[in-house]
Amino acid sequence: NVERLTGSTAPDLATRPDALATLLAGQARASELARMGRLMIPDADRAAALDGLFSTRRRPHCPNMF
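Position one of the sequence shown corresponds to residue 16 (the numbering used here), numbered consecutively onward.
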């Protein structure tokens, strides 16, 4: 779920739309994006859970370079 946070509630993760697309497409794991500084995860233990949540069976591949 995506919801607007108010007050002192901290988000589970924070990112820009391009990094979110990379995560959702399975091109990079959450922990990789966090190490690159493209995904902010306040709780380091949460990265492993996010890796599992957004994992894909196969990495995306486009053979015709589209």
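Every residue gets a Cβ at the ideal spot worked out from N, C-alpha and C, and that includes glycine.
Please read all numbers here as calculations on a predicted model, not as lab measurements.
Straight across, the Cα-Cα distance linking Thr30 with Cys77 is about 25 Å.
Of the residues Arg74, Arg50 and Arg73, the one whose Cα lies closest to the Cα of Ala63 is Arg50. Contact annotation, Asp66 with Arg44: C-beta distance approximately 5 Å; criterion of less than 8 Å satisfied. Looking only at Ala25, Glu47 and Arg19, the smallest Cα-Cα distance to Asp58 is reached by Ala25.
Sorting Met55, Gly41, Arg53 and Val17 by C-alpha distance to the C-alpha of Leu68 places Gly41 at the top.
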